[in-house]
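Worksheet: one structure, shown below.
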Amino acid sequence: MDVDEDKVFKALADAGRRLLLDRLHADNGQTLGQLCEHLAMSRQAVTKHLTVLEEANLIVVIRRGREKLHYLNPVPIHEIADRWIGKFDRGRLRLLADLKRQLEGQADD
Numbered sequence: 004m005d006v007d008e009d010k011v012f013k014a015l016a017d018a019g020r021r022l023l024l025d026r027l028h029a030d031n032g033q034t035l036g037q038l039c040e041h042l043a044m045s046r047q048a049v050t051k052h053l054t055v056l057e058e059a060n061l062i063v064v065i066r067r068g069r070e071k072l073h074y075l076n077p078v079p080i081h082e083i084a085d086r087w088i089g090k091f092d093r094g095r096l097r098l099l100a101d102l103k104r105q106l107e108g109q110a111d112d
């Protein structure tokens, strides 16, 4: 496996980092302070997670004056999806995922 892919999988393995990616997906180009809002994480923890995401090329940092803006880079995720999920029929996988959600919803009732 490619070293870059290893970094991407490592970065995606952590729920906190996935949450940060979700926040950037919802509102791209946030500062550290904005990303820290409403998170049950210290500023230092968010900074460490952002470093891992940046090393995996999942985010790009652009300086604007004294601010650092963090932007989502979806390319590595797309490449992994093409390599690891693209082999399979996405339509069937989507149907199976929908069925799983329905069955799990029925189990909660």
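Start counting the sequence shown at 4; every next residue gets the next number (this note's numbering). For every residue, glycine included, the Cβ atom is placed at its ideal position computed from N, Cα and C. Since this is a predicted model, take the numbers as computed values, not measurements.
Roughly how many angstroms lie between the CA atoms of residue i and residue j, to the nearest whole one?
i: G108; j: R67; result: 46 Å
i: E82; j: G19; result: 22 Å
i: A14; j: Y74; result: 15 Å
i: L35; j: P77; result: 19 Å
i: D9; j: L99; result: 27 Å
Does the beta-carbon of residue i have 16 or more other beta-carbons within 10 angstroms, so that it is buried, or is it exposed?
i: A59; result: buried
i: L56; result: buried
i: Q33; result: buried
i: V64; result: exposed
i: I88; result: exposed
i: L27; result: buried
State the start and end residues of the unbroken beta strand (DSSP E) segment that holds residue i.
i: I83; result: Unbroken run through I83 is the alpha helix (DSSP H), 78 to 83; no beta strand (DSSP E).
i: R67; result: 62 to 67
Got a sec, what are the start and stop residues for the alpha helix (DSSP H) residue i sits in?
i: L75; result: L75 -> not in any alpha helix (DSSP H); beta strand (DSSP E) instead, spanning 70 to 75.
i: H28; result: 18 to 29
i: L53; result: 46 to 58
i: K10; result: 6 to 15
i: Q37; result: 35 to 39
Beta-carbon within less than 7 Å of residue i's beta-carbon, same chain only, minus the 5 sequence neighbours each way: which residues are those?
i: N31; result: Y74, L75
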